[in-house]
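What follows is a single structure, written as structure tokens, with notes after it.
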Amino acid sequence: MAKFRFHKLAALVVLVGFAGWVASGEFSSVGSAENETAETPAETVEQSETVLRTVATVMPPRVQHARAIRISGQTDAEKRVTLATRVMGVIESLPVKQGQRVERGDLIMRLDAEDKEAAIRMAESVVSQREAEADAAAQLVKGGNAPKLQTEQTLAALATARSQLENAKAELAQYEIRAPFNGLIDRVPVQRGSTILAGAEVATLINLDPLLAIGEVSERDLRYLEIGDAAEIRLVDGKIVNGTLRYISRDASSATRTFRIEVAIPNEDKALPAGMTAEITLLAEETDSVVLPRSVVTLSEAGDLGIRAVDKDNKVVFFPIDLVDDTPTGLVLAGIPEDARIIVAGQDLVTEGDEVKAVEADETLIKQMIGEATNGT
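Heads up: the sequence shown begins at 2 in the working numbering, then just goes up one per residue.
Structure representation (structure tokens):
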């Protein structure tokens, strides 16, 4: 009995001791100190080191470049008039042909007007008769052989005859059409001998010197333009001519919110025709700008178009751009500070506020990017 109690008591002591050891958790720390000692230095190194992204930057030279505004348009005659008859009649003379150049006052067409010519001859005879009567009456009055009232009556009759002569000549003038300005006969839809009604078209006269290039500019570009600005016009056949901006509308189109412009092109030999498709490049006042590859342009987080640069603290900043011109050698941009270090490689991998490692781009990289941009146009 005593023996059984001793073993029972010993087992109970062992059970209590094991339970205490488990509760203390000392077994879970076996080997943990060594592992902790091994991992702590690596974690410390990883947290203490900050990897900076490397970007290539450049400070491009400043240039003075004329702002180029490109619009589509077409050529047109400076003056265009449709000549029409004022009376009905038969075409007696038509001395012009399509494509013929005429001077102001040249005869374009004459209608048969024998009765009007006869009326003029009659009116001229009446005028001659009334002049003779007036002279005779004046001599009689001067000699005292006739009252002064007779002279006044003959002078009144002479004035009436002269007025009738002028009316006859005016009626005959309606049977003729003459050129109102120097120009080119573009269309003659009638023939000699045909009968024509009053108001019918006889010919179209146009003036091609100067030739006009007509287009419309947006309301955003209007502020850059002034009368007298130079312009370059590329015609659909590839020919390039120069002109001068001579007109800017002050009333926008209600449909497109654009403004009509006219460029005058010298065309003394009349070689340039009206109605051709043209690309008009308006050259506004020169502005301070830089030339950069197209690949440099990127979007900000807000979706604005611009370039990224590095400030004095090597942090990324964003500058919205003002596109001045698009040339074969790159984009001409304004609105960039003079001291800006522009990121030309890696700009799409960083965002505003990031700290970076900036290295100066070599000339080979710039030339390569410009060449790629040029080939892509």
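The beta-carbon is built from N, C-alpha and C at its ideal position, and this holds for glycine as well.
Bear in mind that the values here come from a model prediction, so they are computed numbers and not experimental data.
In the structure shown, R224 adopts helical secondary structure according to DSSP, grouped into three states.
Going by DSSP, E361 is part of no alpha helix (DSSP H) but of the beta strand (DSSP E) stretching over 357-361.
The straight-line gap separating the alpha-carbon atoms of Y248 and G336 is approximately 29 Å. Contact annotation, V127 with A162: C-beta distance approximately 4 Å; criterion of less than 8 Å satisfied.
Around the beta carbon of I241, a 10 Å sphere encloses fewer than 16 other beta carbons of the protein chains shown; the residue is thus reported as exposed. In the DSSP assignment, the residues bridged to I215 are Q75, E263. Judged by their CB atoms, E220 and R258 are nearer to each other than the 8 Å cut-off.
Annotation for L185: G100, Q101, R102, V103, L206, I207, N208, L209, K271 place their beta carbon closer than 8 Å to its own, counting only its chain and skipping 5 residues before and after. With the rule of 3 Cβ pairs closer than 8 Å, the segment 65-76 counts as touching the segment 266-286.
DSSP places D187 within a strand segment (E or B) once states are collapsed to three. In the structure shown, E286 falls within a strand segment according to DSSP collapsed to helix, strand and coil.
For K117, the number of other beta carbons within 10 angstroms of its own is at least 16, and it is reported as buried.
Excluding residues up to 5 positions away in sequence, I92, L95 lie with their Cβ nearer than 6 Å to the Cβ of R193 in the same chain. Beta-carbon to beta-carbon, L236 and A69 are separated by about 18 Å, too far to satisfy the 8 Å threshold. Per the DSSP secondary-structure output, D327 pairs in a beta bridge with L332. Counting along the chain, the unbroken beta strand (DSSP E) around G307 starts and ends at 306-311. Residue pairing by DSSP leaves A201 without any beta bridge partner.
For the 8 Å CB-CB criterion, S296 and H66 do not form a contact. Sequence-distant partners of K80 (beyond 5 residues in either direction) whose C-beta falls short of 7 Å from its own C-beta, in its chain, are F182, G184, I207, N208. Sixteen is the threshold: since fewer than 16 other Cβ atoms of the shown chains lie within 10 Å of the Cβ of T330, the residue is exposed. For Q348 and P61, the gap between their C-alpha atoms comes out near 16 Å.
Remark: C-beta atoms of L166 and E125 approach each other more closely than 8 Å. Bridge pairing for P148: absent [DSSP]. C-alpha of E353 to C-alpha of V264: approximately 44 Å in a straight line.
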